[in-house]
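A quick write-up on the structure given underneath.
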Amino acid sequence: VTDFGINEALKELGVKDINDGSSTGSNNFSNGAIIESISPVDGRLIGKVKSTTREDYEKVMDAATKAFKTWRIMPAPQRGEIVRQFGDKLREKKEALGKLVSYEMGKSYQEGLGEVQEMIDICDFAVGLSRQLHGLTMHSERPGHRMYEQYHPLGVVGIISAFNFPVAVWAWNTALAWICGDVCVWKPSEKTPLCGIACQNIASEVFRANNLPEGISCLINGDYKVGAFMTKDSRIPLISATGSTRMGKIVAQEVAARLGKSLLELGGNNAIIVTPDADIKMTVIGAVFGAVGTCGQRCTSTRRLIIHEDIYDQVKNAIVDAYSQLRIGNPLDENNHVGPLIDIDAVKMYERALAQVVEEGGNIVVEGDVLSGEGYESGCYVKPAIAEARPEFKIVQHETFAPVLYLLKYSGNVENAINIQNQVAQGLSSAIMTNNLREAEKFLSVAGSDCGIANVNIGTSGAEIGGAFGGEKETGGGRESGSDAWKVYMRRQTNTINYTTELPLAQGIKFDL
Ligand code: UN1
5 VTDFGINEAL KELGVKDIND GSSTGSNNFS NGAIIESISP VDGRLIGKVK
55 STTREDYEKV MDAATKAFKT WRIMPAPQRG EIVRQFGDKL REKKEALGKL
105 VSYEMGKSYQ EGLGEVQEMI DICDFAVGLS RQLHGLTMHS ERPGHRMYEQ
155 YHPLGVVGII SAFNFPVAVW AWNTALAWIC GDVCVWKPSE KTPLCGIACQ
205 NIASEVFRAN NLPEGISCLI NGDYKVGAFM TKDSRIPLIS ATGSTRMGKI
255 VAQEVAARLG KSLLELGGNN AIIVTPDADI KMTVIGAVFG AVGTCGQRCT
305 STRRLIIHED IYDQVKNAIV DAYSQLRIGN PLDENNHVGP LIDIDAVKMY
355 ERALAQVVEE GGNIVVEGDV LSGEGYESGC YVKPAIAEAR PEFKIVQHET
405 FAPVLYLLKY SGNVENAINI QNQVAQGLSS AIMTNNLREA EKFLSVAGSD
455 CGIANVNIGT SGAEIGGAFG GEKETGGGRE SGSDAWKVYM RRQTNTINYT
505 TELPLAQGIK FDL
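With positions in the sequence shown counted from 1, the corresponding number in the UniProt record's numbering is that position plus 4.
Structural data, given as structure tokens:
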């Protein structure tokens, strides 16, 4: 029996012998209750970490606020150099970290590698950006005056991330926050604590090698109660949170109550519109990867296919056929396409969704199932399922974090499909498959998709880091990663300088003494 090199990987990442919860990586002050990391791949205990108590948290905040004083005065391009070194370390550890992601979270090894690649990409992006934190200059209305704006770091940025992208989402935030001059306190999901420790180890190594305080990157462990230390803490001007809409609503209110800023990246209910002018072969690849990739646990996963009635049967048959070829099993084995769900609770949600779609009048076209027997001992492996449904079904309105795909039929023109696509509370990712320019442009127009991401002839998942990532409505409105998302990690200051011996007032107001 091969362990797919997982032991070696754990050793390389410094998370091999964490079995009493004590040696939980550098700059981790945690001393609270034990959190066990159980792999959904084989049900084994990978390691234990300790959660962060209120007292521990104060120590973390102490280290972070102290580190900020050093970090903020370092010129941004020099901070970029540190992020460059961090990106290089990630290149060295790509295979090991990709494996840990796959083993602790359950996504395929290829997708684990892809996730680490996203980290590397955002580091490169951030290095360039470290010389481009541009503000504008303005012309003053007063003679002999100059006006400009500049961006300063915010301070301590709190990051709350989810199990499904246990390393990349942290990197999107930290790489940008660091070059902006912020320091970060990170609470990874309690379902993937070892990914957190592995990342923390890599970051600390870089900070130590450069004689920088490790408090630039801090780790806290635990569930939502530990997250609440941060959301309620006015020493943390920005909370960046990824997870469910339910969680986001709580975080948003707690942060807003103290007038802090929040960056929210919450649920999606992403659809692909398939028009009569679609390339069916491309549609199948995009839809199947979108629906079953990461076992349907991406926030960008494809949940709904909105198919024109003229090609409905053809598309349905092609997708059902593709599903019959899916291999489900150990995600470290590259012969498999689909790994397990994260845990038994997720399996129950999957089962409930399938029961509910039938209750509401849906028709199952690819049966779901919880797999058992050899290789499936963890109880987390399920068969990706497909159901024919109607847009108004409650379950279709709901984001089920599992590989359940709904087929919806539309007739008439593309506006009808766009209406269905926009009829849900979430607004993250969307796509249209068409070779018809008019349909594509309509979909991208002001009267088109209401999502933060709208694609033509590619699926809903797998966004590149160069664009701003996030969505509207119940997705939370935040934007992370590329474009000008960096601005949320900084505070803008408008400066007016008078280089004359007069003090004229703006708006021409006279005030003579
Ligand atoms: C997420 O699921 O939280 O676009 C992030 C994608 C990935 C990121 C997903 N690049 O699917």
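C-beta: ideal position from N, C-alpha, C; glycine also.
Quick one: measure Cβ to Cβ for residue i and residue j, integer angstroms, because I've assumed they're closer than 8 angstroms.
i: residue 522; j: Ala391; result: Summary: the structure shown does not reach residue 522, with the chain confined to residues 5 through 517, and so no result is reported for it.
i: Ala232; j: Phe90; result: In fact, because the Cβ distance is near 29 angstroms, the residues do not count as touching under 8 angstroms.
i: Glu99; j: Ala172; result: Rounded, the Cβ-Cβ distance is 16 angstroms, inconsistent with contact.
i: residue 3; j: Ala389; result: Because the chain in this structure spans residues 5 to 517, residue 3 falls outside the shown range and cannot be described.
i: Ala166; j: Ser193; result: 5 angstroms
i: Asn274; j: Arg239; result: Going by Cβ atoms, the distance from Asn274 to Arg239 rounds to 36 angstroms, so no, they are not a contact pair.
i: Trp176; j: Ile469; result: 7 angstroms
i: Leu412; j: Arg394; result: 7 angstroms
i: Val161; j: Leu242; result: 5 angstroms
For residue i, which three-state DSSP category applies?
i: Cys222; result: strand
i: Asn11; result: helix
i: Ala322; result: helix
i: Gly162; result: strand
i: Arg302; result: coil
i: Gln154; result: strand
i: Tyr410; result: strand
i: Asn423; result: helix
i: Leu448; result: helix
i: Gly294; result: helix
i: Val19; result: coil
i: Ile310; result: strand
i: Met494; result: strand
i: Ser434; result: strand
i: Phe90; result: helix
i: Leu509; result: coil
i: Lys398; result: helix
i: Gly231; result: helix
i: Ala393; result: coil
i: Lys63; result: helix
i: Phe129; result: helix
i: Leu49; result: strand
i: Ile284; result: helix
i: Ala467; result: coil
i: Ile77; result: coil
i: Glu194; result: coil
i: Glu484; result: strand
Rounding to the nearest angstrom, what Cα-Cα distance links residue i and residue j in this structure?
i: Ile284; j: Gln114; result: 25 angstroms
i: Leu117; j: Gly272; result: 23 angstroms
i: Tyr503; j: Asp237; result: 41 angstroms
i: Ser433; j: Val450; result: 16 angstroms
i: Gln82; j: Asp66; result: 24 angstroms
i: Ala435; j: Thr178; result: 29 angstroms
i: Tyr493; j: Ala444; result: 34 angstroms
i: His149; j: Ile501; result: 5 angstroms
i: Met286; j: Leu309; result: 14 angstroms
i: Ala350; j: Gly474; result: 23 angstroms
i: Gly185; j: Glu269; result: 22 angstroms
i: Ile472; j: Lys491; result: A small correction: the amino acid at residue 472 is Ala; Ile does not occupy that position in the sequence shown. The straight-line gap from Cα to Cα measures roughly 11 angstroms.
i: Ala357; j: Val369; result: 14 angstroms
i: Ile50; j: Met142; result: 57 angstroms
i: Phe211; j: Val230; result: 25 angstroms
i: Trp75; j: Val87; result: 13 angstroms
i: Glu85; j: Phe129; result: 12 angstroms
i: Glu209; j: Ala68; result: 17 angstroms
i: Asp92; j: Glu364; result: 52 angstroms
i: Met109; j: Gly300; result: 13 angstroms
i: Lys20; j: Gly377; result: 28 angstroms
Would you kindly report the start and end of the unbroken alpha helix (DSSP H) that includes residue i?
i: Val428; result: It is not in any alpha helix (DSSP H) - Val428 carries neither H nor E in the DSSP assignment.
i: Ser208; result: Pro197 to Ala213
i: Asn177; result: Ala172 to Cys184
i: Thr246; result: Thr246 -> not in any alpha helix (DSSP H); beta strand (DSSP E) instead, spanning Leu242 to Thr246.
i: residue 518; result: Here the chain covers residues 5 to 517 and nothing more, so residue 518 does not appear.
i: Ile254; result: Thr249 to Ala261
How far does the beta strand (DSSP E) with residue i in it extend, from its first residue to its last?
i: Glu40; result: Ile38 to Ile42
i: Arg146; result: Neither: Arg146 is in no beta strand (DSSP E) and is coded neither H nor E.
i: Trp190; result: Val187 to Lys191
i: Val369; result: Asn367 to Val370
i: Ile277; result: Asn274 to Val278
Following a CB-centred definition, is residue i positioned closer than 6 angstroms to any heavy atom of ligand 2?
i: Phe211; result: This structure simply doesn't include ligand 2; it includes ligand 1 instead.
Examine chain D for any beta-carbon lying closer than 7 angstroms to the beta-carbon of residue i, and answer yes or no.
i: Gly333; result: Here chain D cannot be found, since the structure has a single protein chain.
Open item on the list: With a threshold of 8 angstroms, are at least 3 pairs of Cβ atoms found where one atom belongs to the region 448 to 465 and the other to the region 287 to 295?
Closed with: Contact between the region 448 to 465 and the region 287 to 295 is established, with three or more Cβ pairs separated by less than 8 angstroms.
TODO: Examine the Cβ distances between the region 146 to 156 and the region 221 to 229 and report whether three or more of them are shorter than 8 angstroms.
DONE: Not touching, per the Cβ criterion.
TODO: Inspect the CB distances between the region 191 to 206 and the region 93 to 104 and report whether three or more fall short of 8 angstroms.
DONE: Under the three-pair Cβ rule at 8 angstroms, the region 191 to 206 counts as touching the region 93 to 104.
Open item on the list: So, does the region 322 to 333 touch the region 477 to 490, judging by three or more C-beta pairs under 8 angstroms?
Closed with: No: the two stretches stay apart, fewer than three of their Cβ pairs being nearer than 8 angstroms.
TODO: Inspect the CB distances between the region 382 to 398 and the region 45 to 61 and report whether three or more fall short of 8 angstroms.
DONE: Yes: at least three Cβ pairs fall under 8 angstroms.
Task: Validate contact between the region 251 to 259 and the region 209 to 219 using beta carbons, cut 8 angstroms, 3 pairs - done: Three or more Cβ pairs closer than 8 angstroms define a contact, and the region 251 to 259 falls short of that threshold against the region 209 to 219.
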